[in-house]
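Chains as they are written, first to last, in the numbering used here: chain A, 1 to 714; chain B, 1 to 72. Each residue gets a CB set at the ideal place from its N, CA and C atoms; glycine is no exception. Remember, predicted model here, so these are calculated numbers, not experimental data.
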Amino acid sequence: MGLTSSSTGSNLLNKELMNIQKKCDFTVAFAGNPNVGKSTIFNSLTGMHQHTGNWPGKTVSNASGICNYNNRDYLLVDIPGTYSLMSNSQEEEIARDYICFGKPDATVIILDATCIERNLNLVFQTMEITKNIIVCVNLLDEAKKKKIEINLEKLETLLGVPVVGTIARKRRTLKNLLNVIEQVCTKKRHLEPNCITYLPAIEDAILLLTGEVNKITPQDFKYINRWICLKLLDDDQKIIQSIEKALHISLHSDKIIQKQNDARKNFTKIDLDSNNIKDDIVSSIMKKSEDVAKQVCTFKNKEYNLRNKKIDKILTSKKFGIPIMVAFLGIIFWITIVGANYPSQLLSSLFNILQEKLLALFYFLRVPTFITELLINGMYKTLAWVISVMLPPMAIFFPLFTLLEDLGYLPRIAFNLDNYFKKACTSGKQALTMCMGFGCNACGVVGTRIIDSPRERLIAMLTNAFVPCNGRFPLLITISTIFIGSYFTGMTSSIVSTLCVLLVILIGIFLTLIISKILSKTVLKGFPSSFILELPPYRKPQVGKVLVRSLLDRTLFVLGRAISVAAPVGIVIWLFANITIGNVSILTYIANFLDPFAKLMGIDGYILSAFILGIPANEIVLPIILMSYLATGSLVDIDNTFAIGEILKQNGWTLLTGINVMIFTLLHFPCGTTLISIKKESGSLKWTLFAFVLPTICGIILCMLTTGVWNLII
Amino acid sequence: MTLYELPLNEVGIVKDINCIGNIRRRLLDLGLIKGTPIIPILKSPSGDPTAFEIRKTIIALRKEDSKLIDLK
Ligand SMILES: Nc1nc2c(ncn2[C@@H]2O[C@H](COP(=O)(O)OP(=O)(O)OP(=O)(O)O)[C@@H](O)[C@H]2O)c(=O)[nH]1
Ligand SMILES: [Mg+2]
């Protein structure tokens, strides 16, 4: 979660990477099942900050970083997690193509020590496409806790490739891994992977084909001949095509087709269903993995999973499952609301003091009044508001949410909500991307890559903005504190504000489901596909590290946006507010133009223009609103929510305005970054436009409805 | 008997996987092949999906899919 991950695009074989690769001495790929700690190890070795989280599918695009060890530069590549290399889902293709055709000097396959058996599957598959494998058994601390013992030496003998044990969170355990990487890259260590032997009939068929294949494969790809034969027997056209493309050869020559048919005829002779060769291949690999795992793992405690199961029983129970989920969310909001107050006030006072000093300085330097006002009233104030009002809630909410994520709770949310998503004809994994949306909608959109069905993926993308992102929370929080919380005092006030924000979120989730359903019945017709999700074991989050890291991440991110977006927008607004045509400022012109329409929605033209100007970054909407109200007036110090409330009320805000602004905050066009991500991910301008229009129309209709009903009753 | 009918916390042995296409591939990738022991351990609040223990990992499946898996 978060926009700071540097990587985009899914093609690992791109030019940029190739260029860095040339500069480094060696390239090392990190592969493995999802959620085994690849990114954690990658981060630790490269000093980078790829996002990690306790759920399968956290990393969806590649990242690369450089690690220096013993004066050699290693380019490390973090590959999205995959369960296998045989299917044709996007991430598996990325992984397969990179390991096979990208020719890294070594491929480190990371295993989860607590389920070696399933993980070995991938090791044996990878052995068929590259020889230079290092097996890294990670999460040894978790295994120890569960009293699972693993004989690493024996594993090494059985596999024929180097095996190292690590605990990704403890840096020093990675030293050994680096050593082995060095040995393999510099060819100091000879590897003899023990590949799978298949059923005799399949082995015979491979022999039959191998001669022809060997004639055409390039010299440095001889190792994968056997694998190519397997794919030919399996007749997996998609993989065959990617082999042809990468190696510039044709596997559709008459001779090969002839042999292929011969092999298949032999299969029918011995009653082997040639359409299901893949099943036999998979079974052989799985059986071998089972066999190896049995030899190297000892389970000292049969009930190793008991605690995990007990927690799961409660968190997914019929009675408490959903209420606990809502409660978790509520507690997070409450902490955010209460906690944000103090830093917010502190920051405001600091900004006020600094403002005095700046004014004095400008006066001393005899800066013209116009420039002073432009810079202080326009730029500085907007910047100060974004940082003092918007930043604290964002910087508090984000780490708390990351903690839940690290704990492993997110997949349980998906598990609990799947049935609702199924009724909406979509995938339960949409719950995961929706949760990511709470952090940042753009990340939620990119995260939809974990959804296999293109139809369901598109729906998840289009509806992601129906949950408010981190940049919109502060606005929701401020408005609900001013217009609803203020009816109460003390603790009750913050609790009521929390409930109010919670209600808005629940409406957002509810609408996500309804709109998904409507889309599934109209423009994106289709039935729900399957839902297969792994629920990883709960892991103790690294509380300190997570808090510091994500706090820092968020703060830097918001500061960056404040400077790059809020400051220029502040200047523009101030100019708009102070340049007059006739007797009326440009801003008033625009606001007056939008006003009749805005009135129908129960808000005013200034608010609507603020939302439009806030497209680059949602957190600047409130500062723009305040700016528009104050730009022509004298300087006003705003040091708490109460003062903001006064300004809003003086400018005609009522409870109804507050409610409508909250609705429109939840439901309006996604921010610029999100739109760009949608364009990239869907590859279609049409759908991007649709993603823009869809929530906006919902917002407008809902606001008008509320206003209509309100006016009828009151 | 199908996997869907297997009561919570009882061990079943997979006999046949009748799913097709992508889902079938995914299940095979997760180590669900003929002869694999499988235990239903959790039901979601609304009764579907169900989470199963397969090869020391926990995997959630919808009932449409678990109905297609035959047990011995
Ligand atoms: N206790 C413990 N936790 C670990 C270890 N390695 C990783 N983790 C945790 O496991 C979780 C998953 O780690 P990631 O690095 O995100 O896993 P990944 O393999 O990159 O996952 P995907 O990107 O989803 O494929 C995180 O919460 C890590 O903090 C370890 O050795 N011990
Ligand atoms: Mg990762």
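What residue does the alpha helix (DSSP H) around isoleucine 612/A start on, and which one ends it? Secondary structure note for isoleucine 612/A: its alpha helix (DSSP H) is the uninterrupted segment 605–613.
Interface positions of the stretch 90–122 of chain A facing chain B (Cβ-Cβ less than 7 angstroms), listed along the chain: Flagged, chain order: Thr114, Cys115, Glu117, Arg118 and Asn121.
For the stretch 521–533 of chain A and the stretch 20–38 of chain B, state whether three or more C-beta atom pairs, one from each stretch, are separated by less than 8 angstroms. The answer is yes - the stretch 20–38 of chain B touches the stretch 521–533 of chain A, with three or more Cβ pairs under 8 angstroms.
Based on the DSSP output, what are the partners of phenylalanine 299/A in its beta bridges? According to DSSP, phenylalanine 299/A bridges with Ile148/A.
Below 9 angstroms between beta carbons: does that hold for glycine 465/A and proline 200/A? The sequence given here has alanine at residue 465/A, not glycine. Not a contact, by the Cβ cut-off of 9 angstroms.
Here's a check: name, in chain order, each residue in its chain whose Cβ is nearer than 8 angstroms to the Cβ of isoleucine 484/A, leaving out the five neighbours to either side. For isoleucine 484/A, the CB contacts under 8 angstroms within the same chain, skipping 5 residues up- and downstream, are Val496, Ser497, Cys500, Leu655 and Gly658 in chain order.
Would you check whether ligand 1 has a heavy atom nearer than 8 angstroms to the C-beta of valine 36/A? The answer is yes for valine 36/A.
Mind listing, in chain order, the continuous alpha helix (DSSP H) runs of no fewer than 4 residues lying wholly within the stretch 311–368 of chain A? Taking only runs of at least 4 residues, the alpha helix (DSSP H) segments lying wholly in the stretch 311–368 of chain A are 321–364.
Cβ-heavy atom distance between proline 411/A and ligand 4 below 8 angstroms? Ligand 4 is not part of this structure, which contains only ligand 1 and ligand 2.
Any Cβ of chain B within less than 9 angstroms of the Cβ of tyrosine 420/A? Taking Cβ atoms only, chain B reaches closer than 9 angstroms to tyrosine 420/A, which makes this a yes.
Within 10 angstroms of its Cβ, does serine 634/A collect 16 or more other Cβ (buried), or is it exposed? Because the pLDDT at serine 634/A is just 49, under 50, the model does not fix this residue reliably, and the point stays unresolved.
Near tryptophan 227/A, what residues of its chain come up, given a Cβ to Cβ distance below 7 angstroms and the 5 sequence neighbours on each side ignored? Closer than 7 angstroms at Cβ, skipping near neighbours: Glu128 and Ile129.
Are the beta-carbon atoms belonging to proline 193/A and valine 180/A less than 9 angstroms from one another? With respect to valine 180/A, proline 193/A sits apart: the two C-beta atoms are not nearer than 9 angstroms.
8 angstroms contact criterion, which isoleucine 150/A and valine 36/A should meet: CB distance rounded: In fact, because the Cβ distance is near 14 angstroms, the residues do not count as touching under 8 angstroms.
Length of the line joining the Cα atoms of methionine 394/A and phenylalanine 473/A: Inter-residue distance for methionine 394/A and phenylalanine 473/A is about 7 angstroms (C-alpha atoms, whole angstroms).
Beta-ladder partner(s) of phenylalanine 26/A, from DSSP: DSSP, once it has assigned bridges, lists Tyr74/A as partnering phenylalanine 26/A.
In three-state DSSP terms, what is cysteine 671/A? Assigned with DSSP and collapsed to three states, cysteine 671/A falls in coil, not helix or strand.
Cβ atoms of valine 546/A and leucine 403/A: under 9 angstroms apart, would you say? Yes, the pair counts as a contact, with Cβ atoms nearer than the cut-off.
Around the C-beta of threonine 492/A, are 16 or more other C-beta atoms found within 10 angstroms, so that it is buried, or is it exposed? Exposed, because fewer than 16 other Cβ atoms sit within 10 Å of the Cβ of threonine 492/A.
Leucine 630/A, DSSP secondary structure in three states: The DSSP-derived three-state label of leucine 630/A is helix.
Alpha-carbon spacing of isoleucine 211/A relative to leucine 233/A, whole angstroms: Reading the sequence as shown, one finds glycine at residue 211/A and not isoleucine. As the crow flies, the alpha-carbon of glycine 211/A is around 14 angstroms from that of leucine 233/A.
Looking at the secondary structure, which residues open and close the beta strand (DSSP E) in which phenylalanine 52/B lies? Following the DSSP letters along the chain, one finds phenylalanine 52/B inside the beta strand (DSSP E) bounded by residues 50–54.
According to DSSP, is glycine 378/A part of a helix, a strand, or is it coil? When DSSP states are grouped into helix, strand and coil, glycine 378/A belongs to the helix group.
For lysine 680/A, which beta-bridge partners are listed by DSSP? The partner list for lysine 680/A (beta bridge, DSSP) is empty, contrary to what the question assumes.
Could you work out which residues of chain A lie near proline 40/B, taking near to mean beta carbons separated by less than 8 angstroms? The premise fails here: proline 40/B is roughly 12 angstroms from chain A at the closest Cβ pair, so nothing lies under 8 angstroms.
Is it buried or exposed for leucine 12/A, if we count other Cβ within 10 angstroms and need 16 for buried? Here the model assigns leucine 12/A a pLDDT of 48, short of 50, so the residue's position is not dependable, and the following value carries that caveat. Answer is buried; the Cβ neighbour count reaches 16.
4-residue-minimum alpha helix (DSSP H) runs that sit fully inside the stretch 180–257 of chain A, ordered along the chain: 200–216, 225–234 and 237–247, all fully within the stretch 180–257 of chain A.
On the CB-based measure, 16 or more other CB atoms within 10 Å of its CB, does tyrosine 720/A come out buried or exposed? Outside the modelled stretch of chain A, which goes from 1 to 714, sits residue 720/A, for which no answer is possible.
Could you check whether the Cβ of threonine 433/A sits closer than 9 angstroms to any Cβ belonging to chain B? Output row for threonine 433/A: interface = no.
Sequence-distant residues of its chain with Cβ nearer than 8 angstroms to cysteine 195/A (five each side left out): So the qualifying residues of the chain are Phe124, Met127, Glu128 and Arg226.
Assigned exposure category for lysine 187/A - 16 Cβ within 10 Å defines buried: Under this definition lysine 187/A is an exposed residue.
Looking at C-alpha atoms only, which residue of Glu53/B, Ala60/B, Pro49/B and Ile39/B is the closest neighbour of leucine 6/B? Per the C-alpha coordinates, the member of Glu53/B, Ala60/B, Pro49/B and Ile39/B positioned closest to leucine 6/B is Ile39/B.
Assuming serine 44/B and aspartate 312/A are in contact, meaning their beta carbons sit under 8 angstroms apart, how far apart are those beta carbons, in whole angstroms? At roughly 11 angstroms, the Cβ-Cβ gap does not stay under 8 angstroms, so serine 44/B and aspartate 312/A are not in contact.
Min CB distance aspartate 29/B to chain A below 9 angstroms: Judged by the 9 angstroms Cβ criterion, aspartate 29/B is in contact with chain A.
Within 10 angstroms of the Cβ of aspartate 254/A, are there 16 or more other Cβ atoms? Answer buried if so, exposed if not. Here aspartate 254/A is exposed, its C-beta having fewer than 16 other C-beta atoms within 10 Å.
Going along chain B, which residues have a C-beta under 7 angstroms from phenylalanine 328/A? Result: empty, since nearest Cβ-Cβ is about 15 angstroms, beyond 7 angstroms.
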